Amino acid sequence: MGRVTVVGAGVLGLSCAFRLLEAGHRVDVLARELPRETTSAVAAAIWYPYRAWPQELVLRWSRASYEALATIAAEDPDSGVRMMRGIEVVPRRDALPWWADAVPDLAETLDVPPGFDGGWSFTAPRVEMPVYLDWLVARVLEAGGTLTRLNLHGLPRTGDGGPDAVVNCSGIGARFLASDQTVHPVQGQVVLVEQTGLDRWWLHSEGAGVPTYVIPRSRDIVVGGTDVEGEWSRTPSPDVAASILRRALRLVPELAGAEVLGHKVGLRPARPEVRVERVGDVVHCYGHGGAGVTLSWGCADEVAELLG
Ligand SMILES: Cc1cc2nc3c(=O)[nH]c(=O)nc-3n(C[C@H](O)[C@H](O)[C@H](O)COP(=O)(O)OP(=O)(O)OC[C@H]3O[C@@H](n4cnc5c(N)ncnc54)[C@H](O)[C@@H]3O)c2cc1C
6 MGRVTVVGAG
16 VLGLSCAFRL
26 LEAGHRVDVL
36 ARELPRETTS
46 AVAAAIWYPY
56 RAWPQELVLR
66 WSRASYEALA
76 TIAAEDPDSG
86 VRMMRGIEVV
96 PRRDALPWWA
106 DAVPDLAETL
116 DVPPGFDGGW
126 SFTAPRVEMP
136 VYLDWLVARV
146 LEAGGTLTRL
156 NLHGLPRTGD
166 GGPDAVVNCS
176 GIGARFLASD
186 QTVHPVQGQV
196 VLVEQTGLDR
206 WWLHSEGAGV
216 PTYVIPRSRD
226 IVVGGTDVEG
236 EWSRTPSPDV
246 AASILRRALR
256 LVPELAGAEV
266 LGHKVGLRPA
276 RPEVRVERVG
286 DVVHCYGHGG
296 AGVTLSWGCA
306 DEVAELLG
């Protein structure tokens, strides 16, 4: 048991902090952006292993996170996590998706809007991120952890008055904090529209890979998305928003006439492989691409194990 500094207050930093507190460590979280200002706050978010590798580890971490999120949903209705059935529209269903093992109730469905052929129906944890991040912060503070805004120019030094260990959950910031040029942004834009009574999520990836998704939350609906490799801008584009809404309307015609409430852009921390690795007194945990929420608890468990 020791003093651990966690760098980053997105979904990874807070999940790791909580697991480490549960394991008996003293934990201080330092972050330039507080939870509601992070990429994590922009996430749609449903459980779905997307743009994260390697597949074998991603499947293991996704499965663990599915179970952990299902438990949170069952135990605390105020957590922002809800188990919600939805449909991924896919043209060909001759083989099960590679992540099928992690989902208990995957089934083929033909209950799709006109112009689509069919898809996979399954229950996924739906995570209302602003609510969930607040919930995670409350768990961390309740367990004795701290959260402080701090812009770091390097990872904190261990020993000699510093912490015993550092956990690096800096997302895209790892490009600088860990001098890791393989971490790069994959920009995603979403539109928030009013809740029209929708109670299932929809997902569709076009041929070129641009995802369209519609994720209902308690007071609004997140409509996405885009996937722009290497783009650092966080400014929403009106043209992109219009094209997102056009695609979404095809997928969910009930959205017609829904009032637009806002626009958000986030930078997914992409990397050829997610990095969960101990190097001396530092455990790196970043590069979760489009699946940080989906992988969060599986990775946090592993970080806690790496620190003993
Ligand atoms: C539009 C969109 C939709 C998405 N939808 C989903 C989804 O449905 N499901 C899903 O699983 N994932 C989704 N994602 C992906 C998900 O948001 C990310 O994988 C996840 O947020 C990464 O979390 P993180 O904690 O690693 O990073 P972040 O949330 O970016 O947090 C990084 C933290 O590190 C801190 N930091 C960085 N540099 C420094 C520094 N120098 N000093 C101090 N602190 C620093 C930051 O301030 C921040 O607190 C989506 C992403 C986007 C953009």
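Counting from 6, one number per residue, gives the positions in the sequence shown under our numbering. From the three backbone atoms N, C-alpha and C, an ideal C-beta is built for every residue, glycine too. Bear in mind the structure is a predicted one, so any value in this text is a computation, not a measurement.
Taking only runs of the beta strand (DSSP E) that begin and end inside the region 70 to 151, which ones reach a length of at least 3 residues, in chain order? If only uninterrupted beta strand (DSSP E) runs of at least 3 residues are considered, those enclosed by the region 70 to 151 are 86 to 94, 112 to 114, 124 to 132.
Per-residue burial, residue 1 [other beta carbons within 10 Å of its own, 16 or more giving buried]: Nothing can be reported for residue 1, as the shown portion of the chain is limited to 6 through 313.
Below-7 Å beta-carbon distance, residue 286 vs any chain B residue: Any reference to chain B falls outside this structure, which holds one protein chain only.
Does ligand 1 have even one heavy atom less than 6 Å from the beta-carbon of residue 156? Yes.
Residue 114: beta carbon under 6 Å from a heavy atom of ligand 1? For residue 114, the distance from the CB to the nearest heavy atom of ligand 1 is not below 6 Å.
Distance, residue 63 Cα to residue 101 Cα: Between the C-alpha atoms of residue 101 and residue 63 there is a straight-line separation of about 17 Å.
Is any heavy atom in ligand 1 found nearer than 6 Å to the beta carbon of residue 236? Checking the Cβ of residue 236 against ligand 1 gives no.
Report buried or exposed for residue 8, applying the criterion of at least 16 other Cβ atoms within 10 angstroms of its Cβ. Label assigned to residue 8: exposed.
Sorted by chain position, which residues of the same chain lie with C-beta nearer than 8 Å to residue 173's C-beta, five sequence neighbours on each side aside? The residues are 12, 13, 160, 179, 182, 183, 287, 288, 289, 290, 291.
Pull the bridge partners of residue 52 from the DSSP assignment, please. Answer by DSSP bridge pairing: none, since residue 52 is not bridged.
With a CB to CB cut of under 7 Å and the five nearest residues on each side skipped, what residues in its chain are close to residue 185? Same-chain partners within the cutoff: 179.
Report the option in 6, 56, 99 whose CA atom is closest to the CA atom of residue 362. Because residue 362 is not part of the residues shown, which for the chain are 6 to 313, the question remains open.
Please return the same chain residues whose Cβ sits closer than 6 Å to the Cβ of residue 126, not counting the five positions on each side in sequence. Closer than 6 Å at the Cβ level, and outside the excluded window around residue 126, lie 92, 112, 114.
Any heavy atom of ligand 1 closer than 6 Å to the Cβ of residue 209? No, since every heavy atom of ligand 1 falls outside the 6 Å radius drawn around the Cβ of residue 209.
Between residue 268 and ligand 1, is there a pair consisting of the residue's CB and a ligand heavy atom that are separated by less than 6 Å? Result no, Cβ not under 6 Å from ligand 1.
Does the pairing of the region 252 to 270 with the region 190 to 201 give three or more beta-carbon distances under 8 Å? With a cut-off of 8 Å, the region 190 to 201 and the region 252 to 270 count as touching, because enough Cβ pairs lie within range.
I'd like to know whether the C-beta atoms of residue 134 and residue 79 end up nearer to each other than 7 Å. No, the Cβ-Cβ distance between residue 134 and residue 79 is not below 7 Å.
Complete alpha helix (DSSP H) runs within the region 204 to 282 (minimum length 4 residues, chain order): You should have 243 to 256.
Which residues in the same chain have their Cβ closer than 7 Å to the Cβ of residue 3, if we skip the five residues on either side of it in sequence? This structure cannot settle anything about residue 3, because the visible part of the chain is limited to 6 through 313.
Range of the contiguous beta strand (DSSP E) that encloses residue 33: Element bounds for residue 33: 31 to 36.
At a cut-off of 6 Å, would you count residue 174 as near ligand 1, judging by its Cβ distance to the nearest heavy atom? Because some heavy atom of ligand 1 lies under 6 Å away, the Cβ of residue 174 counts as near it: yes.
In terms of DSSP beta bridges, what is residue 289 paired with? The partner list for residue 289 (beta bridge, DSSP) reads 173, 282.
Buried or exposed: residue 192, going by 16 or more other Cβ atoms within 10 Å of its Cβ? By the Cβ-count criterion, residue 192 is buried, with 16 or more other Cβ atoms from all chains shown falling within 10 Å of its own Cβ.
Which residue from 272, 219, 216, 76 puts its Cα closest to that of residue 241? Closest option to residue 241, judged by alpha-carbon separation, among 272, 219, 216, 76: 272.
Quick check: is any heavy atom of ligand 2 less than 6 Å from the C-beta of residue 249? Ligands in the displayed structure: ligand 1; ligand 2 is not one of them.
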